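Only one structure is covered here, and it is reproduced in the block below.
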Amino acid sequence: MAIATETQPLQQHKVNASSASPVEQRRWTLNDFDIGSSLGRGKFGHVYLAREKTSNHLVALKVLFKSQLQQSQVVHQLRREVEIQSHLRHPHILRLYGYFYDQFRVYLILEYAPKGELYKQLQKCKYFSERRAATYVASLARALIYCHGKHVIHRDIKPENLLIGAQGELKIADFGWSVHTFNRRRTMCGTLDYLPPEMVESVEHDASVDIWSLGVLCYEFLYGVPPFEAKEHVDTYKRIVKVDLKFPPKPIVSSAAKDLISQMLVKDSSKRLPLHKLLEHPWIVQNAEPSGVYKG
Ligand code: AMP
Numbered sequence: 001m002a003i004a005t006e007t008q009p010l011q012q013h014k015v016n017a018s019s020a021s022p023v024e025q026r027r028w029t030l031n032d033f034d035i036g037s038s039l040g041r042g043k044f045g046h047v048y049l050a051r052e053k054t055s056n057h058l059v060a061l062k063v064l065f066k067s068q069l070q071q072s073q074v075v076h077q078l079r080r081e082v083e084i085q086s087h088l089r090h091p092h093i094l095r096l097y098g099y100f101y102d103q104f105r106v107y108l109i110l111e112y113a114p115k116g117e118l119y120k121q122l123q124k125c126k127y128f129s130e131r132r133a134a135t136y137v138a139s140l141a142r143a144l145i146y147c148h149g150k151h152v153i154h155r156d157i158k159p160e161n162l163l164i165g166a167q168g169e170l171k172i173a174d175f176g177w178s179v180h181t182f183n184r185r186r187t188m189c190g191t192l193d194y195l196p197p198e199m200v201e202s203v204e205h206d207a208s209v210d211i212w213s214l215g216v217l218c219y220e221f222l223y224g225v226p227p228f229e230a231k232e233h234v235d236t237y238k239r240i241v242k243v244d245l246k247f248p249p250k251p252i253v254s255s256a257a258k259d260l261i262s263q264m265l266v267k268d269s270s271k272r273l274p275l276h277k278l279l280e281h282p283w284i285v286q287n288a289e290p291s292g293v294y295k296g
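The sequence shown begins at 1 in full-length UniProt numbering and counts up by one.
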């Protein structure tokens, strides 16, 4: 189905068409959208391209089945995800415009990322150039500085959770493991390869877990594999806890990039390179596109 793009932003709540007052708001329903092709399939349902009828704005409509959410006991997690993501406004964070539900399904109205999953791009290229990696890392650092400023820790930064916008800009897309916090946390979450030592060992953690994961991501961008990969989970755990960081001879990666990664993958979380310092690191300064957009 062909859908025309409109740049006008979608409002978080629909303003009642019969009323001029923006205060009078009503909930979204499925009737507000023309549903287009499937964009993909996730663990709990499908994602469709959709057009909001009044504004012509293109969105990604994520349809989740209540029964599956309940069965997997992730209702609380979804509530938290919606609550957090809907309040974030940053060029490198996917917007969540709103949600609605019916008897069987929950619908999330998400910003549409036309260039799809970063993960697939990485698989296609095997690894990224230093310019591309640095541009992505810098844009994610900016997004994470913004999140941390709002006391939001993402806790699950990895290629599968990143989408690419129309201009080629990266968007953090999944806040399923994120948390709004003023305290240090103990919960074990995230994905094994990207877990920092303090989460593997279930000791307290804070926003610096995201610096670790960004370091893992930077390594995977440049080498095509995460740094602590092992055949068995238990061996990955051991390598993380030891910070068994090795840089293979191929592909060739500059010593400046390795220096940055080594400053992020530090066991003592308080000694990890702060994100604002990361933006001043010579590798980032020399390689990252100032616009935050990698054009290829
Ligand atoms: P998810 O359930 O979030 O894992 O999404 C399933 C798939 O749908 C993803 O792997 C993407 O390919 C696609 N997708 C999800 N959200 C969007 C979006 N906002 N824009 C474009 N594609 C998306």
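For glycine and all other residues, C-beta sits at the position ideal for the given N, C-alpha and C.
In this text, all values refer to a predicted model and were calculated from it rather than measured experimentally.
On the DSSP bridge assignment, give the partners of residue i in chain order.
i           : result
residue 99  : 108
residue 35  : 50
residue 277 : Answer is none; residue 277 lacks a bridge partner.
residue 192 : Its beta-bridge partners do not exist; DSSP assigns none.
residue 170 : 164
residue 41  : 46
residue 64  : 45, 106
residue 93  : 172
residue 117 : 163
DSSP three-state label for residue i, please.
i           : result
residue 162 : strand
residue 22  : With a pLDDT of only 36 at residue 22, under 50, the local geometry of the prediction cannot be trusted, and the value read off the model is given with reservation. Of the three classes helix, strand and coil, the one that applies to residue 22 here is coil, per DSSP.
residue 124 : helix
residue 293 : strand
residue 286 : helix
residue 57  : coil
residue 204 : coil
residue 229 : coil
residue 79  : helix
Assuming the contact rule is C-beta atoms closer than 8 Å, residue i and residue j should be a hit. Round their C-beta distance to whole Å, please.
i           : j           : result
residue 157 : residue 170 : Not a contact, Cβ separation roughly 11 Å.
residue 143 : residue 172 : 5 Å
residue 75  : residue 109 : So it is not a contact: roughly 19 Å between Cβ atoms.
residue 127 : residue 221 : 7 Å
Taking 7 Å as the cut-off, is the C-beta of residue i nearer than that to any heavy atom in the ligand SAM?
i          : result
residue 93 : As far as ligands go, the structure on display features the ligand AMP and does not contain the ligand SAM.
* the ligand AMP site residues, beta-carbon cut 5 Å against heavy atoms -> 39, 40, 42, 47, 60, 110, 112, 113, 117
* Evaluate contact between the stretch 81-97 and the stretch 158-174, counting only Cβ atoms and requiring at least three cross-stretch pairs below 8 Å. => yes
* Asked: Do the stretch 195-207 and the stretch 121-131 touch if we need at least three Cβ pairs shorter than 8 Å?
  -> no
* Is the stretch 236-251 close to the stretch 136-155, with three or more CB pairs under 8 Å? -> no
* Segment contact flag, the stretch 63-77 with the stretch 39-49, C-beta cutoff 8 Å, min 3 pairs -> yes
* **Touching by the beta-carbon criterion (3+ pairs, under 8 Å), the stretch 266-273 and the stretch 204-223** => yes
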